[in-house]
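Trainee: Submitted below is the structure of interest, expressed as structure tokens.
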Amino acid sequence: MTRRKILAMSIAVLAGCSTLNLGGDGESDMLSGVGRIPGYDFGTAITLPEGFEIDLPEVEGGLIGPKAGGSRLLMIGDSILASTSSRYGNEMCNALKPLGWQVAIEAEASRFAEFGNRVLDQRLKAEAGWDAAVIFLGTNYEGNKDSYAKQLRKMLTKLSPRPVLLVTTSMFRNSQREVNAAIRVVAGEYENASILDWETISETKGVLNPDGVHLSPKGRSVFAVAMARALDLAPYREGECLESKFRDDSSAGKDVMPSPVDPSVDSTEAPAP
141 MTRRKILAMS IAVLAGCSTL NLGGDGESDM LSGVGRIPGY DFGTAITLPE
191 GFEIDLPEVE GGLIGPKAGG SRLLMIGDSI LASTSSRYGN EMCNALKPLG
241 WQVAIEAEAS RFAEFGNRVL DQRLKAEAGW DAAVIFLGTN YEGNKDSYAK
291 QLRKMLTKLS PRPVLLVTTS MFRNSQREVN AAIRVVAGEY ENASILDWET
341 ISETKGVLNP DGVHLSPKGR SVFAVAMARA LDLAPYREGE CLESKFRDDS
391 SAGKDVMPSP VDPSVDSTEA PAP
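At position 171 of the sequence shown (counting the first as 1) the number is 311 in the numbering used here, and the numbers step up by one without a gap.
Quick look at the structure:
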């Protein structure tokens with residue numbers, strides 16, 4: 141029996157009231173409230189919060205799991221990704237662990253693109269065995285598209301040939317068009333790059349807070365579902381939530397981050413840049 145079939149039998153299928161359509165041919169690949177990963181015949185515990193109906197766009201460049209050589213996943217981002225980490229509600233790892241991913245979330249509030257290279261310089265040099273990565277940086281944007289693209293290229297070059305999922309940003313201001321355009325241009329230069337179209341997904345009412353940037357409580361679950369769908373099943377190993385090295389959210393503005401469940405997190409209020 142294959143690992144994918146064993147995983148299908150071992151994951152509990154959760155009941156729900158929401159609908160998730162996986163895009164492409166106009167047909168739903170869903171039972172009510174139960175996500176299905178395209179290309180595999182199994183149901184997983186991938187569910188949307190009650191009341192949501194979302195057509196997830198196709199993952200540009202292909203799903204990550206079939207391209208990965210192993211299950212160790214490095215996720216890099218700012219406050220949006222950080223809000224789903226284990227120091228808060230742990231929505232991200234809770235969604236990815238059943239798919240077999242061994243997940244390290246390296247994300248801090250108010251970080252710009254160069255933060256990603258700082259993370260890679262530490263974690264790639266200190267540890268071998270990373271098999272795939274997610275990069276969600278660009279919400280904090282200094283307005284220089286060439287500089288932003290340069291940082292992305294550095295990250296993708298360091299990670300190559302590992303598959304990398306780049307995530308577009310919500311359109312909360314006009315300059316984010318430059319960010320998302322740069323993501324698509326740079327992704328087209330690297331065979332290992334795929335794109336999750338968060339710009340489109342985040343337009344769904346209720347996913348974001350009123351600021352148009354950060355995730356609502358239910359939006360954090362929607363984000364984790366979208367990420368799980370884009371990553372797909374991991375190969376070989378059992379899933380695990382790995383320790384984060386970068387945990388400083390002290391630059392987050394008031395009410396930006398969820399209430400921490402990990403008392404060691406530094407979430408002291410300070411104005412965001």
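Just so you know, even glycine gets a beta-carbon here, dropped at the ideal spot from N, CA and C. As the structure is a prediction and not an experimental result, all values here were calculated from the model.
In the stretch 304-340, which residue ranges form an unbroken beta strand (DSSP E) of at least 3 residues, counting only runs that do not cross its ends?
Mentor: Listed in chain order, the complete beta strand (DSSP E) runs (minimum 3 residues) inside the stretch 304-340 are 304-307, 333-336.
Trainee: Grouping DSSP H, G and I as helix and E and B as strand, with all else coil, what is residue 276?
Mentor: If DSSP states are grouped into helix, strand and coil, residue 276 belongs with the strands.
Trainee: Under a three-way DSSP split, which group does residue 217 fall into?
Mentor: Three-state result, residue 217: strand.
Trainee: When the Cα atoms are used, what is the spatial distance from residue 345 to residue 223?
Mentor: Approximately 19 angstroms, taken between the alpha carbons.
Trainee: Determine, using beta carbons only, whether residue 359 and residue 373 come nearer to each other than 8 angstroms.
Mentor: Against a cut-off of 8 angstroms, the Cβ pair of residue 373 and residue 359 comes out as no contact.
Trainee: Based on DSSP bridge pairs, tell me the residues matched to residue 251.
Mentor: DSSP output for residue 251 lists no bridge partner at all.
Trainee: Pair every Cβ in the stretch 330-340 with every Cβ in the stretch 295-306, then say whether three or more of these pairs are closer than 8 angstroms.
Mentor: The answer is yes - the stretch 295-306 touches the stretch 330-340, with three or more Cβ pairs under 8 angstroms.
Trainee: How is residue 195 classed by DSSP in three states: helix, strand or coil?
Mentor: Strand at residue 195.
Trainee: Tell me the rounded alpha-carbon separation between residue 283 and residue 251.
Mentor: When rounded, the distance between both Cα atoms is 14 angstroms.
Trainee: Grab me the residues of residue 254's own chain with a C-beta within less than 8 angstroms of its C-beta, minus the 5 sequence neighbours each way, in chain order.
Mentor: The residues are 291.
Trainee: Taking the Cβ atom as the reference point for each residue, do residue 247 and residue 221 lie within a distance shorter than 8 angstroms?
Mentor: Against a cut-off of 8 angstroms, the Cβ pair of residue 221 and residue 247 comes out as a contact.
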